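Numbering (the UniProt record's numbering), first residue to last: 1 to 575.
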């Protein structure tokens, strides 16, 4: 915490979109990420960092310090908009709600300059947009994804062809379309570079306070990379040509070996077997044409990750050049596990999206990666990135909620820098950690004339300094639910509930310290532990107001709650 004789610290929070656990070099990847690797060598890599299983719920937890079901994203807005089960329910507003004090709001009131450039995905209405929730300087993409080159096909009536991704942005307090984005470089718009350009512009244009002193900053840089559509400049994609010719199964094995070598997982860890989700075939069973198309997608994905690393390096280098880096808490993570869904297999998008892609986009081999292509990674490449864990984004298994994380801060003692920490932490810890380091108290029960909830996360300050060995003790209980998949954890024990068709509708029990891949169901051999965890689940469910669809209605990815969204009329959302 700052004292009267020390400067208040700055904060830089960087979030990648759908990045897998082993997708950067410091976590075992073959992808070139020298800037993140350097950041890791000067800080701590966290292997026990956990998020929600999808993007906007995680972001709500980061901004509020509490559970997504309390913060307004009990389900994603795209799901709520087409499912009456959730509509009108508290905690299911589909945006960061007023029951929480948002981190930038609190810091803004404490005199911080609050800055954002990147993806918001916490509400389209004006009262839920970044400027309304505490960001003074902001350029943001409002929905959950967008074309990285601003290629946006429109129908004859002038509405976007892809209804689920309205091309809405904000410039400060103003909502703008993609056509009104200012200061696009002569070489054209590319999301990762442009978000970085704007962040650097904001940092270079910081304002003094009433005493004439430069205010400390809270900077939030949430990229849309490497979220679909997979798009990147050809000169970077070409660097990865041929690297993935052996397929995702081989990549998974090489990543696992590197994770062990780096001490990120135990040498004797048993990974969860790769699952043939959506009926996808093993590499050996694909035709040569299918292999060429598949590896091209992975090459583009790798390029997107490398470009993101390059742009992060620009921000870090700038802070170093101004002397601010060593007074800045820098945190990097993904928002969830790697994206493995096949978009055509999810009714949320389904045939309507596929018809749009066929009509307006060119996904031929030589065009994949360009602005007028629209492709995605798929379940096998995603499982290569989440190993040794089971599955990927949208799952309550570890593959969906365990993410790579790096933290750099001067309080980390020299002997811990460059090291690996395996303790359980959660994205809800970011808010209390930032407030603790800034010397700012959470407002408690009332904030800006409204009642607010307290954070559930815990500060990392004593853990980072080495004064404490854990952030959360063995008795702490943590719950998850999204798309009807549930999980509850205490210490190393975790119970998982996967309804049909993703599971059998029965609770499974795992001991993660010895089985991080969730390969051995211990429900029958440890019934008392399972009973205790299920009791905790029901307490969590009641405390957070979690709504689970009855099993016979169907729920989970591919049906029910996740599957009912087929398109939304967004006309009133930006008002």
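Built from N, CA and C at the ideal position, the CB exists for glycine as well. A quick note: this is a predicted structure, and the numbers were derived from the prediction, not measured.
Whole-angstrom distance between residue j and residue i, CA atom to CA atom
{"i": "residue 241", "j": "residue 367", "result": "14 Å"}
{"i": "residue 311", "j": "residue 297", "result": "21 Å"}
{"i": "residue 8", "j": "residue 529", "result": "45 Å"}
{"i": "residue 326", "j": "residue 320", "result": "8 Å"}
{"i": "residue 268", "j": "residue 261", "result": "12 Å"}
{"i": "residue 157", "j": "residue 166", "result": "14 Å"}
{"i": "residue 183", "j": "residue 194", "result": "9 Å"}
{"i": "residue 302", "j": "residue 36", "result": "14 Å"}
{"i": "residue 521", "j": "residue 499", "result": "16 Å"}
{"i": "residue 47", "j": "residue 398", "result": "11 Å"}
{"i": "residue 621", "j": "residue 117", "result": "In the structure as shown, the chain begins at 1 and stops at 575. Residue 621 is therefore absent and cannot be evaluated."}
{"i": "residue 474", "j": "residue 489", "result": "10 Å"}
{"i": "residue 334", "j": "residue 17", "result": "6 Å"}
{"i": "residue 574", "j": "residue 10", "result": "With a pLDDT of 36 at residue 574, under the threshold of 50, the predicted position of this residue should be treated as unreliable, though the coordinate-derived value follows. Near 32 Å, if we compare the C-alpha coordinates of residue 10 and residue 574."}
{"i": "residue 515", "j": "residue 215", "result": "47 Å"}
{"i": "residue 566", "j": "residue 352", "result": "Low confidence applies to residue 566: its pLDDT is 27, below 50, so where it sits in the model is not reliable enough to give any reading."}
{"i": "residue 430", "j": "residue 436", "result": "10 Å"}
{"i": "residue 458", "j": "residue 477", "result": "13 Å"}
{"i": "residue 287", "j": "residue 365", "result": "14 Å"}
{"i": "residue 244", "j": "residue 252", "result": "11 Å"}
{"i": "residue 569", "j": "residue 72", "result": "Because residue 569 sits at a pLDDT of 35, beneath the cut-off of 50, its placement in the model cannot be relied upon, and the point is left open."}
{"i": "residue 410", "j": "residue 328", "result": "8 Å"}
Residue i - containing beta strand (DSSP E), residue span
{"i": "residue 484", "result": "No beta strand (DSSP E) contains residue 484, which DSSP labels as neither H nor E."}
{"i": "residue 219", "result": "217-222"}
{"i": "residue 21", "result": "No beta strand (DSSP E) holds residue 21; DSSP gives it neither H nor E."}
{"i": "residue 116", "result": "113-119"}
{"i": "residue 510", "result": "507-511"}
{"i": "residue 419", "result": "419-421"}
{"i": "residue 537", "result": "Careful: residue 537 lies outside any beta strand (DSSP E), inside the alpha helix (DSSP H) at 527-544."}
{"i": "residue 315", "result": "First-last for residue 315: 288-321, but that is the alpha helix (DSSP H), not the beta strand (DSSP E)."}
CB contact flag (residue i, residue j, <8 Å)
{"i": "residue 512", "j": "residue 492", "result": "yes"}
{"i": "residue 149", "j": "residue 189", "result": "yes"}
{"i": "residue 144", "j": "residue 56", "result": "yes"}
{"i": "residue 225", "j": "residue 196", "result": "no"}
{"i": "residue 233", "j": "residue 147", "result": "no"}
{"i": "residue 21", "j": "residue 385", "result": "yes"}
{"i": "residue 407", "j": "residue 222", "result": "no"}
{"i": "residue 443", "j": "residue 110", "result": "no"}
{"i": "residue 114", "j": "residue 139", "result": "no"}
{"i": "residue 380", "j": "residue 274", "result": "yes"}
{"i": "residue 96", "j": "residue 440", "result": "no"}
{"i": "residue 412", "j": "residue 74", "result": "no"}
{"i": "residue 306", "j": "residue 33", "result": "yes"}
{"i": "residue 336", "j": "residue 77", "result": "no"}
{"i": "residue 94", "j": "residue 69", "result": "no"}
{"i": "residue 526", "j": "residue 509", "result": "yes"}
{"i": "residue 340", "j": "residue 382", "result": "yes"}
Opening and closing residue of the alpha helix (DSSP H) in which residue i lies
{"i": "residue 384", "result": "379-386"}
{"i": "residue 90", "result": "Careful: residue 90 lies outside any alpha helix (DSSP H) and carries neither H nor E."}
{"i": "residue 260", "result": "247-261"}
{"i": "residue 523", "result": "Counting along the chain, residue 523 falls outside any alpha helix (DSSP H), and DSSP gives it neither H nor E."}
{"i": "residue 463", "result": "461-465"}
{"i": "residue 550", "result": "Taken as a continuous stretch (DSSP letters only), residue 550 belongs to no alpha helix (DSSP H), as it is neither H nor E."}
{"i": "residue 97", "result": "Element bounds for residue 97: n/a, residue is neither H nor E."}
{"i": "residue 63", "result": "55-64"}
Opposing strand residues paired with residue i [DSSP bridges]
{"i": "residue 426", "result": "50"}
{"i": "residue 594", "result": "As displayed, the chain neither begins before 1 nor continues past 575, which places residue 594 out of reach and without an answer."}
{"i": "residue 613", "result": "Residue 613 lies beyond the residue range present for the chain, which begins at 1 and ends at 575; the question has no answer from this structure."}
{"i": "residue 409", "result": "Paired residues: none, contrary to the question."}
{"i": "residue 480", "result": "487"}
{"i": "residue 141", "result": "119 and 169"}
{"i": "residue 214", "result": "208"}
{"i": "residue 333", "result": "15 and 405"}
{"i": "residue 493", "result": "490 and 511"}
Where residue i falls, given that 16 or more other Cβ within 10 Å makes a residue buried
{"i": "residue 279", "result": "exposed"}
{"i": "residue 292", "result": "exposed"}
{"i": "residue 127", "result": "exposed"}
{"i": "residue 272", "result": "buried"}
{"i": "residue 434", "result": "buried"}
{"i": "residue 210", "result": "exposed"}
{"i": "residue 448", "result": "exposed"}
{"i": "residue 257", "result": "exposed"}
{"i": "residue 404", "result": "buried"}
{"i": "residue 354", "result": "exposed"}
{"i": "residue 67", "result": "buried"}
{"i": "residue 175", "result": "buried"}
{"i": "residue 213", "result": "exposed"}
{"i": "residue 506", "result": "exposed"}
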